[in-house]
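**Student:** My questions will all concern the structure given below.
Number of protein chains: 2
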Amino acid sequence: MIIHNMMEDAVKDILEKQWGNLSISCYCSECKMDVLAMSLNRLKPHYIRNRAGMMYTKANLMTEQSRATILTAIVESSKVVSAHPCHR
Amino acid sequence: MIIHNMMEDAVKDILEKQWGNLSISCYCSECKMDVLAMSLNRLKPHYIRNRAGMMYTKANLMTEQSRATILTAIVESSKVVSAHPCHR
């Protein structure tokens, strides 16, 4: 069963672009993945199963409002990860 | 960046077990994926990035309450897909 959460792509995209600008105590890849997972848990998922749904959802997630909501989730999550880094 | 939404596994598991019991107008694989995607969009995601988080989250998603919440989302989604099947 092939489905995909388009919100993953949107958060990864913004996280990649903003990672260097975030005020975080550690910039390792594990902390980055923690910020990604925590941000996704704070945002409404947008699962789709076909290409038509993919284009429609992608357009919806590119609005200024959506990007602002996603960036807010990333900033909030980076604060938590920064205060409680979870290294193995 | 490897992360995973554990809710996907939980919904897939219950959907597989209950698929034959659902009252739905079409039992094709496309409708099944639509029910899966729609159910996931109704449920809070549980993204994790490591094995420890995986076991912890899996245990949380196996409770009676969680399974009831997931089944409710599946039943509601199957009603929508049943009324509006989206075949290509």
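Protein chains in written order, with full-length UniProt numbering: chain D, 1 to 88; chain X, 1 to 88.
Glycine included, C-beta positions come from ideal geometry on N, C-alpha and C.
Remember, predicted model here, so these are calculated numbers, not experimental data.
Is it true that the segment 51-70 of chain X meets the segment 40-52 of chain D, where meeting means three or more beta-carbon pairs spaced less than 8 Å apart?
**Tutor:** Judged by Cβ distances under 8 Å, the segment 51-70 of chain X makes no contact with the segment 40-52 of chain D, as fewer than three pairs qualify.
**Student:** Report the residues of the segment 43-62 of chain X with a CB closer than 9 Å to any CB of chain D, ordered along the chain.
**Tutor:** Answer in chain order: Leu-43, Lys-44, Pro-45, His-46, Tyr-47, Ile-48, Arg-49, Asn-50, Ala-52, Gly-53.
**Student:** Buried or exposed: D:Val-80, going by 16 or more other Cβ atoms within 10 Å of its Cβ?
**Tutor:** As a first step, residue 80 of chain D is located in the first sequence; it is residue number 80 there, counting from the start. Label assigned to D:Val-80: exposed.
**Student:** Just reading off the alpha helix (DSSP H) that X:Lys-58 is part of, what are its end residues?
**Tutor:** Your numbering for residue 58 of chain X matches position 58 in the second sequence. 51-61 is the extent of the alpha helix (DSSP H) around X:Lys-58.
**Student:** Taking DSSP as the reference, what is the three-state secondary structure of X:Ile-48?
**Tutor:** Working through the second sequence from its first residue, we reach residue 48 of chain X at position 48. Of the three classes helix, strand and coil, the one that applies to X:Ile-48 here is strand, per DSSP.
**Student:** Taking the alpha carbon of D:Ser-29 as the reference point, which residue from X:Cys-26, X:Asp-13, X:Ile-2 has its own alpha carbon closest?
**Tutor:** Along the first sequence, one-based indexing puts residue 29 of chain D at 29. Ranking X:Cys-26, X:Asp-13, X:Ile-2 by Cα distance to D:Ser-29 puts X:Ile-2 first.
**Student:** Run down chain X in chain order and give the residues with a C-beta less than 8 Å from the C-beta of D:Ala-10.
**Tutor:** Here the question's residue 10 of chain D lines up with position 10 in the first sequence. None at all; the shortest Cβ gap to chain X is about 13 Å.
**Student:** Between which two residues does the alpha helix (DSSP H) containing X:Cys-28 stretch?
**Tutor:** Mapped onto the second sequence, residue 28 of chain X falls at position 28. Looking at the DSSP string, X:Cys-28 is not in any alpha helix (DSSP H), and its letter there is neither H nor E.
**Student:** Between which two residues does the alpha helix (DSSP H) harbouring D:Ile-70 extend?
**Tutor:** As a first step, residue 70 of chain D must be located in the first sequence, where it is residue number 70. Residues 64-83.
**Student:** Compute the distance between the beta-carbons of D:Ile-70 and D:Met-6, then report whether it is under 9 Å.
**Tutor:** As a working note, residue 70 of chain D is residue 70 in the first sequence. As a working note, residue 6 of chain D is residue 6 in the first sequence. No; because the gap between Cβ atoms is not below 9 Å, this pair is not in contact.
**Student:** Here's a check: name, in chain order, each residue in its chain whose Cβ is nearer than 8 Å to the Cβ of X:Ser-66, leaving out the five neighbours to either side.
**Tutor:** Translated into positions along the second sequence, residue 66 of chain X becomes position 66. Cβ within range, chain order: Ala-10, Asn-60.
**Student:** Name the chain X residues that come within less than 9 Å of D:Leu-36, Cβ to Cβ?
**Tutor:** The residue given as residue 36 of chain D occupies position 36 in the first sequence. In chain order: Met-1, Ile-3, Tyr-47, Arg-49.
**Student:** Taking 9 Å as the CB-CB cut-off, is X:Glu-76 touching chain D?
**Tutor:** Along the second sequence, one-based indexing puts residue 76 of chain X at 76. No, no contact with chain D.
**Student:** So, for D:Pro-85: in the same chain, excluding its five sequence neighbours on each side, which residues have a beta-carbon less than 7 Å away from its beta-carbon?
**Tutor:** As a position in the first sequence, residue 85 of chain D is number 85, starting the count at 1. Same-chain partners within the cutoff: Ser-25, Cys-26, Cys-31.
**Student:** Residues of chain B with CB closer than 9 Å to the CB of X:Met-33, please, in chain order.
**Tutor:** Within the model displayed, chain B is absent; protein chains D and X are what it includes.
**Student:** Indicate whether at least one CB of chain D lies closer than 9 Å to the CB of X:Leu-71.
**Tutor:** Counted from its first residue, the second sequence places residue 71 of chain X at position 71. Not one chain D Cβ lies under 9 Å of X:Leu-71.
**Student:** Identify, in the order they occur along the chain, each residue of the same chain with its Cβ nearer than 8 Å to the Cβ of X:Leu-15, setting aside the five sequence neighbours on each side.
**Tutor:** Taking the first residue of the second sequence as position 1, residue 15 of chain X is located at position 15. Cβ neighbours of X:Leu-15 beyond the five flanking positions: Lys-32, Val-35, Leu-36, Ser-39, Ile-74.
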